[in-house]
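S.K.: Below is one structure. I have some questions about it.
Protein chains: 2
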Amino acid sequence: MPRSKGSVTIHDVARAAGVSVSTVSRVLNDKDDVAIDTYEQVKQVISELGYTSSLAAKSMRSRKTNVIGLVMPDVGDSFSVEVMKGVNQAIAQFGYDLIMYTGGDASASSWPAREQKYISLLNGSITDGVVIVAPYALTFPTTYPVVAVDHHPGDTNFPAVVSTNREGALAIMEYLIQLGHRRIGYVGGRSDLQSGIRRYQGYVDALQQADIPVNPELVQEGNFTIDVGYRCGQHLLNLPERPTAIFAANDQSAFGVIRAAHEMGLKIPDDVSIVGFDNIPETAYFLPGGLTTVDQSVRQMGLAATEMLVKLIKGEALAETIYKVPTRLVVRGSCRAV
Amino acid sequence: MPRSKGSVTIHDVARAAGVSVSTVSRVLNDKDDVAIDTYEQVKQVISELGYTSSLAAKSMRSRKTNVIGLVMPDVGDSFSVEVMKGVNQAIAQFGYDLIMYTGGDASASSWPAREQKYISLLNGSITDGVVIVAPYALTFPTTYPVVAVDHHPGDTNFPAVVSTNREGALAIMEYLIQLGHRRIGYVGGRSDLQSGIRRYQGYVDALQQADIPVNPELVQEGNFTIDVGYRCGQHLLNLPERPTAIFAANDQSAFGVIRAAHEMGLKIPDDVSIVGFDNIPETAYFLPGGLTTVDQSVRQMGLAATEMLVKLIKGEALAETIYKVPTRLVVRGSCRAV
DNA sequence: CTGTTAGCGCCTTCAC
DNA sequence: GTGAAGGCGCTAACAG
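Respectively, the protein sequence lines represent chains B and C. Plus 37 on top of the position in the first sequence (first one is 1) and you've got the numbering used here. Plus 37 on top of the position in the second sequence (first one is 1) and you've got the numbering used here.
Laid out in structure tokens, this is it:
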């Protein structure tokens, strides 16, 4: 039985096995210069005592924890969850462990400050590097690697993974225009992020290509959340001259718009066409026919970011500091020709 | 500028401020025996240098990190996400920080082993206690507090939060029976957990109350995931004599069943009534009329578990070791009378 | 092969 | 009010 005080330490193991702490440490780290029977012996004692080495102590001493961190503003949406899955897949593959922190609520005003705090709390303590999703801060007080998923335009303080946002938006807009829509509403995303800016760019560019003037009345400022999407949807659908189609900057926002439509008794796609962006899993289920959207392999983004981070941790150079993930139009049943 | 080697330490701060490390430590921990101007001075230097104390070092020394851990098998489903939100809300309220670990994939066979590993890795290192969701292990090698959300029957090794699963199942079954359904399919959950067992119990009890024999053909073994729910749904809906209603042990499974129904061209609720359990947020949106389900305030469960944990950490006694959260029938549009 | 010796960054007596 | 010294659990030289 270990001391009632705390958990069992490397000393307890050493004493019980009749060896020194350094020998135990060697066994723990699978050093090859340990006699085979000593090794077995110590292993035995370790499992008998149920010993686990303290992450805290280890990381303090060895500057290498084999743990990577994931920091994101929210976990309530599938985008975050998908990133998480990608990161998770990668860390399993590379033999790292994952620890994550989240604000739990993207809209909390305290998030930006906590974001910074957490990056420096994790990094340089228990983490060898961190992946940050949809950052607010432009820079972080850490000497350890940071890789972002989505980022601020022109920001080159740390590497990032982004998708070809403008191209994706262009593609889905062209699709709507080709269906005959000319009055297309837009529900925006976070305007500080590359994703929000470039998707809007795609919206504008597509309209101009088709000689359709950009109508400010049809453009709503959103923030990628379902709630704000809902309010923007209400607004757009209540316009005297209702848009025939609405492009929401992400699927979450689109869900909000759909809800607004349902509540107003509007049928999709009969009364209004709706498209999103991200291709999160629910899009396939949401409506009987699914939501037409733009795929950007969110999971792939998490995976790529982690790969980059691992390279950085190992001291390897990155081929490119901005990694672009391609987008692809996914046509489902939420649109129809006018 | 800090040393290029690592992050800035308490020594750097001390040197820059012209005081000793212990004085800095005092400032850090808001001890009251520091001269007001020394205090200000040090604070100043700290923010100039962008210093953050190392979680690792701190926790090693002081056995108190103010961080609580959350360990769960998956994050891909809303149940987990809701628990996470509840926990998050509680930690914010109590002034703790949160660190979480997840397998990222509930079905990975390696999870049970990693679950144990992580509990002991976090606890006793960087965490003052941990909340574990849907545990596999029956016991954990740690002397620090652990509280479970959902648990194994008869397991009294650690406190847990559960809902009145059987009562909830009973209520929703009575609702279906009252609508005239007598051929009711069942898609089960994880049979090692209280939730899976008690919900099935409710299913059986309700049938018996109504003098309907339990038909093994109508009972499918599930595991709370959408994929398995889908397969079970296919099976049940392909039965020569199709059930008129299906009760899925959780909403995720119900979504799988709904998908199966859609693919077979069956309309809900016209061709088949479907109900779930959990009342996760999507249930309100999923079908035009929403999914009828049982609410168990998942978020509330996460919150309650965290409250219990915090009490334990503070050394306070718990009023009860099993905390019951009430369930409530939520009628939406996924059912109709036969 | 294995034990001894130093710290890692921090907090806590205990002196001054 | 403040500094010096010791040690938390662990790993990395350096000796044997």
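Note that CB positions come from ideal geometry on N, CA and C, so glycine has one too.
(1) Along the chain, where does the alpha helix (DSSP H) containing residue 124(C) start, and where does it finish?
(2) Where do the ends of the alpha helix (DSSP H) carrying residue 346(C) lie?
(3) Can you find the residues in the same chain that come closer than 6 Å, C-beta to C-beta, to residue 244(C), ignoring five residues on each side of it along the sequence?
(4) Please determine, among 209(C), 270(C) and 261(C), the residue with the shortest C-alpha to C-alpha distance to residue 242(C).
(5) Sort out for me which residues DSSP pairs residue 197(C) with in a bridge.
(6) Going by the DSSP bridge assignment, what does residue 61(C) pair with across the sheet?
(7) Is there a Cβ of chain C sitting closer than 8 Å to that of residue 317(B), yes or no?
(8) If contacts are defined as beta-carbon pairs under 8 Å, then residue 167(B) and residue 105(B) qualify, I think. What distance do you get, rounded to the angstrom?
(9) For residue 75(C), report the span of its alpha helix (DSSP H) as first-last.
(10) Quick check: the segment 266-286 of chain B against the segment 209-229 of chain B, are at least 3 beta-carbon pairs closer than 8 Å?
(11) Check the Cβ of residue 163(C) against every Cβ in chain B and list those closer than 7 Å, keeping chain order.
(12) Quick one: give me the first and last residue of the alpha helix (DSSP H) that residue 209(C) is part of.
(13) From what residue to what residue does the beta strand (DSSP E) around residue 365(C) run?
(14) Using the beta-carbon of each residue, which ones in chain C are nearer than 9 Å to residue 352(B)?
(15) If the cut is a Cβ gap below 8 Å, which residues of chain C does residue 296(B) touch?
(16) What's the C-alpha gap between residue 175(C) and residue 185(C)?
(17) Would you mind sorting residue 42(C) into buried or exposed? The rule is 16 or more other CB atoms within 10 Å of its CB.
(18) From the DSSP output, which residues share a beta bridge with residue 160(B)?
(19) Could you say if the segment 321-340 of chain C and the segment 287-299 of chain C meet the contact criterion of at least three C-beta pairs nearer than 8 Å?
(20) Find the residues of chain B that neighbour residue 195(C), judging by a C-beta separation of less than 9 Å, and give them in chain order.
(21) Counting C-beta neighbours from all protein chains within 10 Å, is the total for residue 354(C) 16 or more, i.e. buried, or is it exposed?
(22) Between which residues of its own chain and residue 360(C) is the CB-CB distance below 7 Å, once the five residues before and five after are set aside?
(23) Could you check whether the Cβ of residue 7(C) sits closer than 8 Å to any Cβ belonging to chain B?
(24) Pull the bridge partners of residue 222(B) from the DSSP assignment, please.
(25) Whether or not the segment 91-101 of chain B and the segment 83-95 of chain C are in contact is what I'm after, with contact meaning three or more pairs of Cβ atoms, one per stretch, closer than 8 Å; do they touch?
(26) Secondary structure at residue 332(C), three-state DSSP: helix, strand or coil?
(27) Would DSSP call residue 40(B) helix, strand or coil?
(28) With distances taken between CB atoms, is the gap from residue 371(C) to residue 290(C) smaller than 8 Å?
(29) Considering only residues of the segment 234-277 of chain C, which uninterrupted alpha helix (DSSP H) runs meet the minimum length of 4 residues and lie entirely inside it, listed in chain order?
(30) Does DSSP put residue 90(B) in a helix, a strand or coil?
(31) Just to make sure I have the definition right: I need the residues of chain B whose C-beta is within less than 7 Å of the C-beta of residue 138(C). Which are they?
(32) So for residue 139(B), helix, strand or coil by DSSP?
(33) Taking the beta carbon of residue 188(C) as the centre, do at least 16 other beta carbons fall within 10 Å, making it buried, or is it exposed?
(34) Which residues in the same chain have their Cβ closer than 7 Å to the Cβ of residue 214(C), if we skip the five residues on either side of it in sequence?
(35) Mind checking if residue 87(C) is an interface residue toward chain B, Cβ cutoff 8 Å exclusive?
(36) Can you round the beta-carbon distance between residue 84(C) and residue 161(B) to whole angstroms, since I take them to be within the 8 Å contact cut?
M.R.: According to the structure data:
(1) 115-131
(2) 335-350
(3) 251
(4) 209(C)
(5) 185(C) and 359(C)
(6) Answer is none; residue 61(C) lacks a bridge partner.
(7) no
(8) 7 Å
(9) 73-86
(10) yes
(11) 92, 93 and 163
(12) 202-215
(13) 365-367
(14) Simply none; closest approach about 14 Å.
(15) 322
(16) 11 Å
(17) Reliability fails at residue 42(C), whose pLDDT of 42 lies under 50, so the model's placement of it is uncertain and the value that follows must be treated cautiously. Counting Cβ neighbours within 10 Å, residue 42(C) comes out exposed, since fewer than 16 surround it.
(18) 164(B)
(19) yes
(20) None at all; the shortest Cβ gap to chain B is about 16 Å.
(21) exposed
(22) 198, 341 and 345
(23) Residue 7(C) cannot be examined here, being either before or after the span of chain C that is shown, 38 to 375.
(24) 283(B)
(25) yes
(26) strand
(27) With a pLDDT of 31 at residue 40(B), under the threshold of 50, the modelled position of that residue is not reliable, and the figure given next carries that caveat. Note: residue 40(B) maps to coil in three-state DSSP.
(28) no
(29) 263-274
(30) coil
(31) 135 and 136
(32) strand
(33) buried
(34) 243 and 247
(35) yes
(36) Not a contact, Cβ separation roughly 17 Å.
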